[in-house]
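In mature numbering (1 follows the signal peptide of the UniProt record, and there is no 0), the protein residues as written are -23 to -1, 1 to 1001.
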């Protein structure tokens, strides 16, 4: 009778293996996070009896008193070798070790009673639907008593353990589906349409999801699964499983919130005290990036991460057409399988071709017979799988049918990726092989779960275990490993049986440690091989953790990790460089040829910069341009699609000024950045009557808005200091209206100097300024930090330059005449910029960039806005100039450049801080910025005095002139010992024009001691 019941259970397990259903089972087995115990009472929350521990330690010898004592004594001696006083083990273990003889006598009958209860458990198990409670309860019992090798216990526990794992896997699959479907799905037609939309994506993300999509589940069955979830929540709430509910179940959205409304309200109340709320993933909208995709919406990555932390083996393997057809057509007989395959394709092609491009191609060719005949021949595939299962240690025999393995017999020598591959193969062909390999596949799944629990345990113990690799002696490593495990376990306050048993036998986990590490390295190596040359952002984050974690702890220097780090840095920097080109609003990224030219110019200018962050991009110009041009085209295509999808052109034609303002502010700046790089996509349109593309149309529609905004920005600056209150603004505007009206710029805004005009304008300006006050404060705080860092850098550079000049016996002078005739008046060298209101929205950044306040540098060369530094440098090629003199020249030039940047930074921040009265929260930071700017002093210079010429020397020097000029601030640096008057030199400026740049007329040198003097002609505001 009993064996028939056991067979019934095994058959039930096999049926579940063969035909996974989308039913209402939602058993969840939670691996709880461990907490550190303040009182150092190991596992004080874990309820365990003496007989449980003794059954686990003594194994089959529990029946024999002498053997039981021998096993326990050996175990206790092992522990005492690590912890002599047994203060780091569970209190029950200490009691047992202090009285082994009595404990063996007292527990024998209790253990036997538990073993004899197995038949009753089987009967009870068959009669009920397994739930969270039963799985949790029996799982712990099995973990303790399975080592007795009693056949009843062994068979029952193997099936139970598999079902617990299977139901948790099913629950994960169900949650993915629940997240993917919206609340509006109430009709079968809507359900089918949505399924066809999401299945092409989900089918690639796991075997369970693939099987769900392939089976064409109906809305009726789908609704049953939701009901099952609602019922499971009821059990969880009643059992007060707050941790499980709040952290996981609250994440099932949005269908759960609608369909289980009453229970969901209970969930909310239950979790309020824990300050736990679920927030669906949110992605900030960027017009040049893809909108949030399905996998991001359902947060699959984090959902799978949670599942892996609970011991599930989750991942995505690309499935072939043969895999999917085999799964749908599985049958023991090859002939039956071929018929079933043809029947499925004849009846379900309409659906199948909507979820997979492979099915679409097969169905449209209408050649089913040949494909169905191929997949029915699975002999070779079965043989390969059987060999692999045998080598993995989940099969005890190769040709004949094997049996179930107990938990402690399961091998864990394979990697996680190997688990994924073999479990996936089992999913698709296990029912086709003869003799069948269902049991072997079941063993594999449990072995993979065991392996995952080992990894989680080692992760919990910490990095100290990895550092054991540095010890030379195997014995030393083994003993140290056990001590580390026991010491860490002594701090745990946990009620998880998997962790408890590994702490109970530190010897066993330490014996497996090297194999576990080996498999981890194998997984890491495989992933690095796949992604190291072209990693995406997620790869860089995840693999950086692994490379700097396990490999660093093991003391290994993996060359592939070095390559990965370099490639990640390259792509990060190149994306930033792409954004720099976008901001220049040029056609630099229109094609590879233009890109190469622009990149050469950019890199040439950056070559001698003190901090050239783009050097990695400059080192690989061809690859850099291919990448940036491809990225630019991609951004343009996405931008155009998003414009069409959101009806942007029509929105900017709307009479609603607010809508036009919001639309133009967001979208128009991107047109400035992208239009010239993709004229055929954004600028021109041969199919339209006027030939204008979407960006030209947008700019035409937005032109009135930008003109009006420019006037409002100018008026905002004129009225700064009065824009914290509307009445103050009206009063100031009333006093100055007549004066401002004379300025043609403000004529359209101030057509009449009357209260109504003041009311409307002040209301708008005050609201705008007050709206950006919080942002202004944040940006000023950020700018202050950057300014402080640059100031420190400048002070160091200034000191280095001073010491270099002193060492080279050189003096820094400012000549009486300006070096460059075109810039006689330094204060006039930079045209005054039109005032820009801080509240105005910053230029829309490209992806990966960040907008800053007007005082933040954004040019690739580190300069401010449209102000460029021009360095005119005469570098010696011959003439006996020493290395010390060259170093002094370079150090001084760097210090001057830093000084100029700081002064420009301060000027820009001074404009921003003009609104400190309007934004009181910025007053303090503006005061700090003022102080910083006042502390920035120029380089120490020596006045140029006339002296008596004792001896005059005419030295002809062979020189190379390097001129980098612009129409604004110019720094001219000339070193000379010549008394010859230099002729003006024609230079091509950045703007394509010609200028005459004339060095000074020379200087007279006293040379009794042959002291060479460096003359640095500096034209800069604030230094003259």
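Cβ atoms here follow ideal geometry from the backbone N, Cα and C, with glycine treated the same way.
query, result
"Entirely enclosed alpha helix (DSSP H) segments - the stretch 415 to 480, minimum 4 residues", "415 to 438, 451 to 466"
"Backbone secondary structure at residue 669 - three-state DSSP", "strand"
"Pair within 8 Å by beta-carbon distance, residue 131 and residue 383", "yes"
"Buried versus exposed, by CB contacts within 10 Å (16 or more), residue 156", "buried"
"Cα-Cα separation, residue 89 to residue 77", "18 Å"
"Cut-off 6 Å between Cβ atoms - residues of its own chain near residue 524, not counting five sequence neighbours on either side", "538"
"Spatial distance of residue 612 from residue 604 (CA atoms)", "12 Å"
"Span separating the alpha-carbon of residue 549 from that of residue 542", "11 Å"
"Cut-off 6 Å between Cβ atoms - residues of its own chain near residue 42, not counting five sequence neighbours on either side", "81"
"Under 8 Å between C-beta atoms of residue 289 and residue 120", "no"
"Beta-carbon proximity of residue 272 to residue 178, cut-off 8 Å", "yes"
"Distance between residue 153 and residue 198 (C-alpha atoms, nearest Å)", "16 Å"
"C-beta neighbour in chain C for residue 455, strict 8 Å", "No chain C appears in this structure, which consists of one protein chain only."
"For residue 144, the nearest candidate out of 671, 284, 654, 874 (CA to CA)", "284"
"Residue 661 - DSSP class collapsed to helix/strand/coil", "strand"
"Presumed contact (8 Å Cβ cut-off) between residue 902 and residue 758, rounded CB distance", "6 Å"
"Three-pair Cβ contact test at 8 Å for the stretch 689 to 697 versus the stretch 879 to 899", "yes"
"Residues near residue 185 by beta carbon distance below 8 Å, same chain, minus five either side", "-4, 146, 147, 149, 150"
"Pairwise C-alpha distance: residue 266 and residue 817", "Interpretation of residue 817 is limited by its pLDDT of 35, a score under 50 that renders its predicted location unreliable; no figure is taken from the coordinates."
"Alpha carbon of residue 784 to alpha carbon of residue 589, nearest angstrom", "28 Å"
"Coil, strand or helix - residue 950 by DSSP", "In this predicted model, residue 950 has a pLDDT of only 38, less than 50, meaning its place in the structure is not dependable enough to derive any value."
"Nearest-angstrom Cα separation, counted from residue 618 out to residue 882", "39 Å"
"Reduced DSSP category for residue 865 - H, G, I as helix; E, B as strand; rest coil", "helix"
"Contact the stretch 653 to 668 vs the stretch 708 to 720: 3+ CB pairs below 8 Å", "no"
"Span separating the alpha-carbon of residue 552 from that of residue 513", "12 Å"
"Alpha helix (DSSP H) segments (min. 4 residues) lying fully within the stretch 336 to 404", "345 to 352, 356 to 368"
"Chain-order list of residues whose beta-carbon lies under 6 Å from that of residue 95 (same chain, five-residue window excluded)", "129, 130, 133"
"Cα-Cα separation between residue 582 and residue 596, rounded to whole angstroms", "14 Å"
"Contact check, residue 896 vs residue 673, beta carbons under 8 Å", "no"
"DSSP-derived helix/strand/coil call for residue 66", "coil"
"Assigned secondary structure, residue 150 (DSSP; H/G/I helix, E/B strand, else coil)", "helix"
"Residue range of the unbroken alpha helix (DSSP H) whose run includes residue 25", "Careful: residue 25 lies outside any alpha helix (DSSP H) and carries neither H nor E."
"Top-ranked residue by Cα proximity to residue 340, from 654, 772, 330", "330"
"Buried or exposed by the 16-neighbour rule on C-beta atoms within 10 Å, applied to residue 690", "buried"
"Nonlocal neighbours in the same chain, by C-beta distance under 7 Å from residue 622, ignoring five residues either side", "none"
"Buried versus exposed, by CB contacts within 10 Å (16 or more), residue 871", "buried"
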